[in-house]
Amino acid sequence: MDPENSPRAKSLPIDVNALGLLIARTQRESGEIPWHEGGKTDPWDLVEAAMGLTVAGCFREARCAFEWMAGVQLEDGSWYAAYRDGVPEDRTRDANMSAYIAVGVFHYYLVTQDAAFLRRMWKPVRSALDFVLSLQAPSGEIYWAISPGGEVDPMALLTGSSSIFMSLKCGLAIADRLGRDQPAWRRGLVELGKAIRHKPYVFNMTKARYSMDWFYPVLCGAVTGAEARKKIERHWKKFVANGLGVRCVSDRPWVTIAESCELVLALAAIGQRKLAMLLFNWIQDRTFDDGSFWCGFTFPDRVIWPEEKITWTNGVVLMAADALFELTPGSRLFDHGFWRWHAARAGREGRCPAASADAPCGGEEEMTLSSFE
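Numbering (our numbering), first residue to last: 40 to 412.
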């Protein structure tokens, strides 16, 4: 499928080809995708950029990115937190960064239906999720990392654990399609979901000023239905600058395009498409001359910061556009209804579901800006 030539793409508010080219031109020949020209590479943001390549129809480049990851994966299934031109720069082994490959691989499969790719990537995905679950606490949360010195840091981050929840769902979906049973992953997913929904005290609450701690539990599907809507409504004013986008941090006048687009994904995931579209429209003039998006800007002066063209920022813009305009078969990756369907499908076929919603989320009244007044 070529999103750029699809009928929907002709009326898109973004230039799909320009965003895909920005990521592809920044990518190294090895497949590594740094943040920007001359910048570092981290595993989570590489996957986000690769997912953007997939939406843009740059399938060869996306495969190369995942193959680069497979090539530098450590024996325990993890990755280092940062590389530069293939050389480790930060030897912390971060659980969330290591887990996210499962989301990117499943997304690539949804778009391409490339079963051979799925089989090739099974070993890296399996090893990564086994590593991550080795860091699960008895109360369900995931300890965030192992230090360069080899010590587990017994701190859990809500954003990271929420992203891992999504990674486990995707890992189980991959296992389902390959006929592999992973009961330990299912148990880990269930316990992690309980921690996210009911045990806020197990997470580092000093991070609550970051907008991702607000909406990631909804984005990943750990919080659904009426509770998801309440969570979005409760902190909208704290994190959203109306007409501009989403603050990265509640007490700083800095709007970021990535957080804005991830909130678009979260809103679309719970069926709030009109509000998601409104938010997406707010950022449409935050672009460079080549059509790629800024990373962020301050307000009210609107100073672009940082000035680099960031690969993963443009990757998530592509994903948000896909969720809203259905450019690819992967457009419903975060959609709660898709995962309810997946759980029901697995149940009908006699397998434990990858994930099930704790409450229905369909048929909700549309939220508008007046909902937050």
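We treat Cβ as the ideally placed atom computed from N, Cα and C, and that holds for glycine.
Computed from a prediction, not measured in an experiment: that's the story for all the values here.
Residue i to residue j span [Cα, whole Å]
i: leucine 314; j: asparagine 320; result: 10 Å
i: leucine 58; j: asparagine 353; result: 6 Å
i: phenylalanine 278; j: glutamate 272; result: 11 Å
i: isoleucine 53; j: glutamine 323; result: 7 Å
i: aspartate 290; j: valine 355; result: 24 Å
i: proline 127; j: serine 50; result: 42 Å
i: serine 250; j: valine 303; result: 13 Å
i: glutamate 43; j: tyrosine 240; result: For glutamate 43, the pLDDT reaches just 46, beneath the cut-off of 50, and the residue's location in the model is therefore unreliable, although a value from the coordinates is still provided. Going by the C-alpha atoms only, they are around 46 Å apart.
i: glycine 227; j: leucine 174; result: 10 Å
i: tryptophan 183; j: threonine 198; result: 10 Å
i: asparagine 56; j: isoleucine 343; result: 23 Å
i: serine 395; j: arginine 341; result: Note that serine 395 has pLDDT 44, beneath the 50 cutoff, so the model's placement of it is unreliable and the number below is only indicative. Approximately 42 Å, taken between the alpha carbons.
i: isoleucine 72; j: leucine 408; result: 37 Å
i: arginine 123; j: serine 410; result: 45 Å
i: phenylalanine 145; j: glutamate 87; result: 12 Å
i: glutamate 404; j: lysine 270; result: 15 Å
i: alanine 382; j: alanine 265; result: 19 Å
i: valine 171; j: alanine 155; result: 25 Å
i: valine 288; j: arginine 64; result: 30 Å
i: proline 216; j: alanine 359; result: Per the sequence presented here, residue 216 reads as arginine, with proline not at that position. Going by the C-alpha atoms only, they are around 26 Å apart.
i: glutamate 301; j: lysine 276; result: 17 Å
i: arginine 47; j: alanine 101; result: Below a pLDDT of 50, predicted positions are generally treated as unreliable, and arginine 47, at 49, falls in that range; the measurement from the model is reported next regardless. Straight-line Cα distance between these residues: approximately 22 Å.
i: glutamine 66; j: phenylalanine 254; result: 30 Å
i: isoleucine 203; j: methionine 406; result: 28 Å
i: histidine 274; j: alanine 297; result: 18 Å
i: aspartate 84; j: arginine 225; result: 25 Å
i: phenylalanine 332; j: glycine 218; result: 40 Å
Nearest-angstrom Cβ-Cβ length linking residue i and residue j, presumed shorter than 8 Å
i: glycine 91; j: leucine 317; result: That pair is no contact at about 22 Å.
i: alanine 308; j: aspartate 374; result: 5 Å
Of the listed residues the options, nearest to residue i (C-alpha basis)
i: threonine 263; options: His274, Leu306, Val294 and Glu301; result: Leu306
i: leucine 61; options: Pro368, Trp380, Asp328 and Gly335; result: Asp328
i: aspartate 361; options: Ala63, Glu230, Gly96 and Gln66; result: Gly96
i: proline 256; options: Tyr148, Gly232, Ser50 and Arg248; result: Gly232
i: glycine 189; options: Gly210, Arg216, Asp115 and Asp153; result: Asp115
i: histidine 158; options: Ile213, Gly376, Glu76 and Ile203; result: This sequence places arginine at residue 158; histidine is not what is there. For the residues Ile213, Gly376, Glu76 and Ile203, the minimum Cα distance to arginine 158 belongs to Ile213.
i: proline 292; options: Ala267, Gly330, Ser331 and Arg248; result: Arg248
i: serine 137; options: Glu347, Thr151 and Ser117; result: Ser117
i: arginine 428; options: Phe242, Gly310 and Gln221; result: Since the first and last residues shown for the chain are 40 and 412, residue 428 lies out of range.
i: serine 206; options: Ala280, Leu168 and Asn243; result: Leu168
i: lysine 238; options: Ala176, Ala280 and Thr131; result: Ala176
i: valine 294; options: Gly78, Pro345, Leu258 and Leu85; result: Pro345
i: glutamate 365; options: Val94, Lys79 and Glu76; result: Val94
i: glutamate 76; options: Glu347, Arg379 and Trp380; result: Glu347
i: methionine 194; options: Asn243, Ile349, Gln221 and Thr151; result: Asn243
Whether residue i touches residue j by CB criterion (8 Å)
i: serine 186; j: aspartate 192; result: yes
i: glycine 284; j: serine 299; result: yes
i: alanine 134; j: isoleucine 181; result: yes
i: valine 111; j: alanine 141; result: no
i: proline 82; j: tyrosine 147; result: no
i: glycine 260; j: lysine 208; result: yes
i: arginine 325; j: phenylalanine 338; result: no
i: arginine 312; j: leucine 363; result: yes
i: arginine 371; j: phenylalanine 377; result: yes
i: alanine 109; j: alanine 89; result: no
i: lysine 246; j: leucine 211; result: no
i: tryptophan 351; j: tryptophan 161; result: no
i: glycine 125; j: serine 166; result: no
i: serine 178; j: alanine 223; result: no
i: leucine 149; j: glycine 369; result: yes
Residue i: first and last residue of the uninterrupted alpha helix (DSSP H) it sits in
i: aspartate 361; result: 350-364
i: aspartate 252; result: 250-258
i: alanine 88; result: 82-94
i: alanine 184; result: First-last for alanine 184: 182-185, but that is the beta strand (DSSP E), not the alpha helix (DSSP H).
i: alanine 247; result: Here alanine 247 belongs to no alpha helix (DSSP H), and DSSP marks it neither H nor E.
i: glycine 78; result: No alpha helix (DSSP H) contains glycine 78, which DSSP labels as neither H nor E.
i: alanine 101; result: 98-111
i: glycine 232; result: 222-237
i: glycine 59; result: 55-65
Terminal residues of the beta strand (DSSP E) in which residue i lies
i: glutamate 128; result: 126-133
i: alanine 141; result: That residue, alanine 141, is in no beta strand (DSSP E); its alpha helix (DSSP H) goes 140-151.
i: glycine 284; result: 284-286
i: proline 193; result: 191-195
i: threonine 337; result: 335-337
i: arginine 273; result: Element bounds for arginine 273: not the beta strand (DSSP E) but the alpha helix (DSSP H), 264-278.
i: arginine 123; result: 119-123
i: threonine 295; result: 293-295
i: alanine 176; result: Where alanine 176 is concerned, there is no enclosing beta strand (DSSP E), given that its DSSP letter is neither H nor E.
Contact test: residue i Cβ vs the ligand ADP heavy atom, cutoff 7 Å
i: aspartate 84; result: The ligand ADP is absent from the structure shown, which contains no ligand whatsoever.
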